[in-house]
Amino acid sequence: MKAVLKTTDPVAISWLVAELAARGIEAVVLDSHASIVEGSIGILPRRVMVADEDYDEAVRLLETARRDLGAL
932 MKAVLKTTDP VAISWLVAEL AARGIEAVVL DSHASIVEGS IGILPRRVMV
982 ADEDYDEAVR LLETARRDLG AL
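Okay, so the sequence shown: first residue is 932 according to the numbering used here, each after it adds one.
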């Protein structure tokens, strides 16, 4: 698995996971429990991971969103 996004922004994580799922790409969010343990104050980033074979498509999706939406 490879990390597509590392962020403290829960909205960005939710959006990316939903967009990946809509394209049939399963994503796993890591470090959520560490974030909860630190009190959910947003200092520990979470990682959105995808399978190696889905990585390139996931990165293209993220780059397109950054370019077209000016987001993430």
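Using N, Cα and C, we set each Cβ at its ideal position, and we do this for glycine too.
Residue pairing by DSSP puts residue 961 in a beta bridge opposite 978. The DSSP-derived three-state label of residue 939 is coil.
Measuring C-alpha to C-alpha distances from residue 944 to each of 963, 986, 995 and 983 identifies 963 as the nearest. Taking a contact as a CB-CB distance under 8 Å, the pair residue 975 and residue 965 counts as one, their CB atoms being some 5 Å apart. With a threshold of 16 other beta carbon atoms within 10 Å, residue 979 meets it and is buried.
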